[in-house]
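Residues in the sequence shown are numbered from 27 upward in steps of one, following the working numbering. Positions of the beta carbon are idealized from the N, C-alpha and C atoms, including for glycine.
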Amino acid sequence: MSKLTTINNIYFIGVGGIGMSAIARYFLSKGAIVAGYDKTPTVLTNQLEKEGITIHYTDDITLAPQQPDVVVYTPAIPKDHQELNHYINNGFRVMKRSDILQWITENAFNICIAGTHGKTTVTSMVAHLLRHSNYGCNAFLGGISANYHTNFWSHERNVVVVEADEYDRSFLKLSPNIEVITSMDPDHLDIYGTAEEVENAFVQFSQKLKPGGTIVAKYGLSRAAELRADHLLTYDHQNEAADIHVKSLQVIEGSYHFTVQGPDWSIPNLVLHMGGLHNIDNMIAAITVAKQLGIDNDKIVAAVADYKGVRRRFEYALKTTEHVLIDDYAHHPDELKALLSGVRSIFPDRKLTLVFQPHLFSRTKDQAAGFSATLDLADEVILLPIYPARELPMEGVNSEMLLNNMRLTN
Numbered sequence: 027m028s029k030l031t032t033i034n035n036i037y038f039i040g041v042g043g044i045g046m047s048a049i050a051r052y053f054l055s056k057g058a059i060v061a062g063y064d065k066t067p068t069v070l071t072n073q074l075e076k077e078g079i080t081i082h083y084t085d086d087i088t089l090a091p092q093q094p095d096v097v098v099y100t101p102a103i104p105k106d107h108q109e110l111n112h113y114i115n116n117g118f119r120v121m122k123r124s125d126i127l128q129w130i131t132e133n134a135f136n137i138c139i140a141g142t143h144g145k146t147t148v149t150s151m152v153a154h155l156l157r158h159s160n161y162g163c164n165a166f167l168g169g170i171s172a173n174y175h176t177n178f179w180s181h182e183r184n185v186v187v188v189e190a191d192e193y194d195r196s197f198l199k200l201s202p203n204i205e206v207i208t209s210m211d212p213d214h215l216d217i218y219g220t221a222e223e224v225e226n227a228f229v230q231f232s233q234k235l236k237p238g239g240t241i242v243a244k245y246g247l248s249r250a251a252e253l254r255a256d257h258l259l260t261y262d263h264q265n266e267a268a269d270i271h272v273k274s275l276q277v278i279e280g281s282y283h284f285t286v287q288g289p290d291w292s293i294p295n296l297v298l299h300m301g302g303l304h305n306i307d308n309m310i311a312a313i314t315v316a317k318q319l320g321i322d323n324d325k326i327v328a329a330v331a332d333y334k335g336v337r338r339r340f341e342y343a344l345k346t347t348e349h350v351l352i353d354d355y356a357h358h359p360d361e362l363k364a365l366l367s368g369v370r371s372i373f374p375d376r377k378l379t380l381v382f383q384p385h386l387f388s389r390t391k392d393q394a395a396g397f398s399a400t401l402d403l404a405d406e407v408i409l410l411p412i413y414p415a416r417e418l419p420m421e422g423v424n425s426e427m428l429l430n431n432m433r434l435t436n
C-alpha cells in the first residue's frame, strides 16, 4: 500500500466505465482529490459527481487537472485522445486501470473472480456474502449491486473481492489467494486471436495463485487439468461428479430452493430469488468461497436469501401477472443461451420475445453462427443495430448477417 500514499490527486480518463468508476470511488474514500473525463454523461457519472468527483465531457486539456499525481486510463480510450497524449508527452505518471488495481491489491488477501462470462455476478455474490455475514471485504465490482446500489465498498479487513478481467490480459497482473474461474470460452478474439490463446491466458492466471491458494472452477473446463493450485474445487449445480453440486432443486413461485453439497459439508434450505439456472452455478461458486473463509452456514443461508442481484443481470424491469420484462447484459452466445434457458425454467408456458443488441463488431463477426443458433431458441426476436463500444464499423458485419442465418420466422 506504500505506493498509494503518494497519490493525493488522481485523474481518470474514462471515469464512467464500470471498472474505472469503482477505482475512482476507492481513491475518493481514501481522501484523494478525484477528477475524471468521459465521453457522455450517464446515470453513473451523474452519481459520481454527486459523490464529489469532478467530471467533464470534452477532450480538452484546459478542463483537466494540471498537476495530477497519477493519470489512469482504460483501453477503450482511443490513441489520439488529446488529454491522454498530453499527459504521456509531458512526463506524467500514466497508468492503465489494471496497473493501478495491481497496486491496490498487492498487499491484500485477494479473491479474484475470472471467466468469459458470469464473473460480474459471482463477484457481486461473493462480496455480498462477505458483507452480509459481517466477515467484511473491499469490493470492486463490474456491475452495480442491487443490494447496495454501488460497485465499490470498503472495509477495515484487508480482503479484496475483485472482478478479474481477461480483456487485454489484465487479470495476469493480480495476485490471488482464491480464484474463481467460471468459464474460458472463446471471447475477445480481437485481442487473443484464437480460442486456444484465450484458454492459455486462464492457465497463466491460475499460475498467479499465491502458495497455499485455492481455485474454485466450473466443472468440465476444457483445460482444467492444467490449472495450478494447491487446492482445486469444482462446481456444477447439476453434475454430482463436481466437488460442489446441488440437491433437491425446486422452483417455487419464481425462486430456486435447493441444498448445496460439498466434499464434507452440506447447506440445506437455500433460497435464491434471482432467476436463471446459470445463477445457481454462480451462487454455489460464491458459497464455496464463503466456506473456504469459514463463514457459518446459517449466515450463508441468510445472505443468499437476501441477495438481490446485479443491475442488468437477469434484472426484472417489469413483473406482473400478464407481462414480465427482464434486462440482461448477455453478450456472448453461451450467456444468451443460459439466459433463455433460465427464463424458460421459470416461465415455461409464456411466449418469449427477445430484444437483442449485439455488442462489438468483432464479437458479432467471431460468434455469428453461435448467435444465430441461440437466437432461434426464442419465440420471437427483435434485432437492434450493433453497439460498437470501443470499435469502428467492420464492412459486412451487422445485425442482418445474424438474421440471415436464423431459422426463426418471427
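Residue i (DSSP reduced to helix, strand or coil)
i, result
"Ser196", "helix"
"Leu296", "strand"
"Arg170", "Correcting the residue identity first, residue 170 is Ile in this sequence and not Arg. In this structure, Ile170 counts as coil in the three-state DSSP scheme."
"Lys236", "coil"
"Ile81", "strand"
"Gly43", "coil"
"Arg51", "helix"
"Trp129", "helix"
"Gln393", "coil"
"Ala165", "strand"
"His304", "helix"
"Ala356", "coil"
"Met27", "For Met27, the predicted model reports a pLDDT of 44, less than 50, meaning its position is unreliable and no value from the coordinates is stated."
"Phe228", "helix"
"Ile412", "coil"
"Lys273", "strand"
"Val120", "strand"
"Asn184", "coil"
"Tyr113", "helix"
"Thr71", "helix"
"Phe387", "helix"
"Arg339", "strand"
"Gln287", "strand"
C-beta contact flag for residue i and residue j at 7 Å
i, j, result
"Ala312", "Phe178", "no"
"Met3", "Asp402", "No answer is possible for residue 3: it lies beyond the span of the chain, which begins at 27 and ends at 436."
"His107", "Asp85", "yes"
"Asp360", "Asp211", "yes"
"Ile270", "Thr240", "no"
"Gly280", "Asp256", "no"
"Val186", "Thr131", "yes"
"Leu351", "Gln383", "no"
"Ile139", "Lys145", "yes"
Inter-residue CB distance, residue i and residue j (contact presumed, cutoff 8 Å)
i, j, result
"Phe340", "Met300", "6 Å"
"Gly141", "Ser209", "4 Å"
"Lys199", "Asp125", "7 Å"
"Ala172", "Lys345", "The pair is not a contact, with the Cβ atoms about 14 Å apart (cut-off 8 Å)."
"Asn305", "Leu298", "7 Å"
"Phe166", "Val188", "4 Å"
Which residues DSSP lists as bridging residue i, in chain order
i, result
"Asn35", "Ile59"
"Leu351", "Leu344"
"Thr260", "Ala243"
"Ile140", "One detail in the question is off: residue 140 reads as Ala in this sequence, not Ile. In the DSSP output, where bridge partners are listed per residue, Ala140 has Ile207."
"Ser281", "Ile278"
"Glu426", "DSSP output for Glu426 lists no bridge partner at all."
"Tyr99", "Ile39, Lys122"
"Glu406", "Thr379"
"Glu189", "Ile139"
"Phe178", "Phe166"
Cα-Cα separation, residue i to residue j
i, j, result
"Gln128", "Val330", "30 Å"
"Tyr174", "Leu70", "14 Å"
"Ser248", "Phe228", "11 Å"
"Gln233", "Ile207", "13 Å"
"Asn115", "Thr100", "18 Å"
"Gly45", "Thr66", "16 Å"
"Gly42", "Ile79", "11 Å"
"Thr68", "Gly117", "31 Å"
"Leu366", "Leu253", "30 Å"
"Thr31", "Thr260", "39 Å"
"Gln393", "Leu362", "12 Å"
"Val272", "Asp290", "14 Å"
"Lys56", "Gly302", "37 Å"
"Lys122", "Ser150", "23 Å"
"Ile321", "His82", "43 Å"
"His158", "Asn72", "27 Å"
"Asp353", "Glu75", "26 Å"
"Phe387", "Met420", "6 Å"
"Asn133", "Glu182", "14 Å"
"Leu275", "Arg338", "25 Å"
"Lys377", "Gly368", "14 Å"
"Arg51", "Pro104", "24 Å"
"Val327", "Leu156", "12 Å"
"Phe38", "Pro94", "10 Å"
Any C-beta of chain D under 7 Å from that of residue i
i, result
"Val350", "Absent from the structure is chain D; it holds one protein chain and no more."
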